[in-house]
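Colleague:
In my numbering, the protein residues as written are 30 to 227.
(1) From the DSSP secondary-structure annotation, give me the bridge partner or partners of residue 195.
(2) By alpha-carbon positions, which one of 91, 68 and 124 ends up nearest to residue 62?
(3) Look at residue 180 and residue 214 and say whether their C-beta atoms are less than 8 Å apart.
(4) For residue 133, name the three-state secondary structure that DSSP assigns.
(5) Taking DSSP as the reference, what is the three-state secondary structure of residue 218?
(6) Enumerated in chain order, which unbroken segments of the alpha helix (DSSP H) with a length of 4 residues or greater are wholly contained in the segment 129 to 189?
(7) Along the chain, where does the alpha helix (DSSP H) that runs through residue 47 open and close?
(8) Using 8 Å as the threshold, is the C-beta distance between residue 98 and residue 140 below it?
(9) From residue 129 to residue 48, what does the alpha carbon distance come to, in whole angstroms?
(10) Is residue 70 closer than 8 Å to residue 189 when the C-beta atoms are compared?
(11) Please classify residue 167 as buried or exposed, where buried requires at least 16 neighbouring CB atoms within 10 angstroms.
(12) For residue 52 and residue 77, what's the separation of their Cα atoms in angstroms?
(13) Alpha carbon to alpha carbon, how far is residue 59 from residue 185? Give it in angstroms, no decimals.
(14) By the 10 Å Cβ neighbour count, where 16 or more other Cβ atoms means buried, how is residue 93 classified, buried or exposed?
(15) Taking all protein chains shown into account, decide if residue 137 is buried (16 or more other Cβ within 10 angstroms of its Cβ) or exposed.
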């Protein structure tokens with residue numbers, strides 16, 4: 030996995046590399062289709078209290094969900110949290126084994142056909158925000174708070190990616206950036222609260 034100092038996004042190519050590990054795997058006979066759903070979340074959170082930063086945390090997760098459909102309508106799903114194509118291939122084989130052991134699902138509508146999805150705009154500074162970037166933003170915010178008051182809250186920045194790839198030709202990928210701020214200011218006889226995000 031990556032770290033806060035590396036590229037924020039795996040990108041369409043990185044997602045396709047993982048998906049193709051499952052789509053191209055030898056899953057044995059009687060497989061009608063394979064679908065791979067990839068979801069990645071990368072983000073940091075800066076916490077502050079008593080008008081001082083006291084914690085920076087980082088979280089990263091990449092989930093791969095593989096669905097295999099057999100010729101007679103049996104469906105199996107297996108998941109893993111990894112960026113290793115070999116592990117994704119193994120999960121595809123597990124999904125195929127699960128499908129073969131499952132009863133046919135007459136209500137399963139089939140895999141999604143290929144459809145064009147539009148591009149999504151993201152905010153580059155949010156995607157690549159480091160702990161230092163968040164600390165500087167919080168420091169500027171705290172500089173606006175009168176010294177008679179205490180400020181507490183959180184500032185979060187996050188990059189998300191989602192991709193859907195299948196044997197019907199669907200190869201959709203979209204990134205997303207988001208940020209959120211919460212703030213509580215407390216004085217001797219009153220307090221105020223605000224939040225913003227998007």
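In this text, a Cβ means the ideal position worked out from N, Cα and C, and glycines have one as well.
Modeller: Taking the coordinates as given:
(1) Residue 195 pairs with 64.
(2) Ranking 91, 68 and 124 by Cα distance to residue 62 puts 124 first.
(3) Contact: yes.
(4) Judged by DSSP in its simplified three-state form, residue 133 adopts strand.
(5) Here residue 218 sits in coil by DSSP.
(6) Segments of the alpha helix (DSSP H) lying fully in the segment 129 to 189: 153 to 156 and 160 to 172.
(7) Counting along the chain, residue 47 sits inside the alpha helix (DSSP H) bounded by residues 40 to 52.
(8) Taking 8 Å as the Cβ cut-off, residue 98 and residue 140 qualify as a contacting pair.
(9) Each residue's alpha carbon lies about 21 Å from the other.
(10) Yes. Within cutoff.
(11) Buried: at least 16 other Cβ atoms inside 10 Å.
(12) Between residue 52 and residue 77, the C-alpha separation is close to 45 Å.
(13) About 47 Å.
(14) Classified as buried, residue 93 has 16 or more neighbouring CB atoms from the shown chains inside 10 Å of its CB.
(15) Residue 137 counts as exposed, since fewer than 16 other C-beta atoms from the protein chains shown sit within 10 angstroms of its C-beta.
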